[in-house]
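Asks: To convert, note that position 12 of the sequence shown is 16 in the numbering used here; the numbers rise steadily by one, no gaps. C-beta: ideal position from N, C-alpha, C; glycine also. Every value quoted in this text rests on a predicted model; they were computed, and no experiment measured them. Let me begin by handing over the structure; questions about it come next.
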Amino acid sequence: AQLNDLTKLSNEVVGIVMGDPALLVLQKYPEIIVRKYETVPELLKAVVTGSLEGALLDRLVASSFVRDMYAEQLKISTGPLTDVGLRVMGLKGQNEHVIDLFNRTLSQMKKQKKLEALQTKWQL
Numbered sequence: 005a006q007l008n009d010l011t012k013l014s015n016e017v018v019g020i021v022m023g024d025p026a027l028l029v030l031q032k033y034p035e036i037i038v039r040k041y042e043t044v045p046e047l048l049k050a051v052v053t054g055s056l057e058g059a060l061l062d063r064l065v066a067s068s069f070v071r072d073m074y075a076e077q078l079k080i081s082t083g084p085l086t087d088v089g090l091r092v093m094g095l096k097g098q099n100e101h102v103i104d105l106f107n108r109t110l111s112q113m114k115k116q117k118k119l120e121a122l123q124t125k126w127q128l
């Protein structure tokens, strides 16, 4: 079943990879018990063995691991928990035209539903 509300994980143990921004999401839910792991494989093994109720991961990483290694054992139970998935960085005051071009292209892809098509293609 799709998990639409993280409060349903109150008093459950959920894992993240150390340094992952998922911790920022989980800070909004102090009733969720967070356990940190060094690597994604360690984290997902803990879910498979029942040591964790679930894991919070970047959607690209989660999709890749579930599709390639855990298709029979794990499934992604939520949609994106934040709307920020892709970031472009450049030197401050330089290459602003590249960032502008990226933003315009991304906006155009959204309008033409090309972004949605790519997300479907890559099971995101």
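So does the stretch 13 to 22 actually touch the stretch 39 to 53, counting three or more Cβ pairs closer than 8 Å?
Replies: yes
Asks: Please report how far the alpha carbon of residue 79 lies from the alpha carbon of residue 103, in whole angstroms.
Replies: 35 Å
Asks: How about residue 56 and residue 39: are their beta carbons less than 8 Å apart?
Replies: Taking 8 Å as the Cβ cut-off, residue 56 and residue 39 qualify as a contacting pair.
Asks: If I'm right that residue 130 touches residue 65 with Cβ under 8 Å, what's the distance once you round it to whole angstroms?
Replies: Any property of residue 130 remains undetermined from this structure, which presents the chain solely from 5 to 128.
Asks: In three-state terms, what does DSSP make of residue 32?
Replies: Three-state DSSP puts residue 32 in coil, outside helix and strand.
Asks: For residue 75, which of helix, strand or coil comes out of DSSP?
Replies: Here residue 75 sits in coil by DSSP.
Asks: Grouping DSSP H, G and I as helix and E and B as strand, with all else coil, what is residue 103?
Replies: helix
Asks: How close, in whole Å, do the beta carbons of residue 13 and residue 54 come, if the pair is a contact with beta carbons under 8 Å?
Replies: Not quite, the Cβ-Cβ distance comes to about 15 Å (not below 8 Å), so this is no contact.
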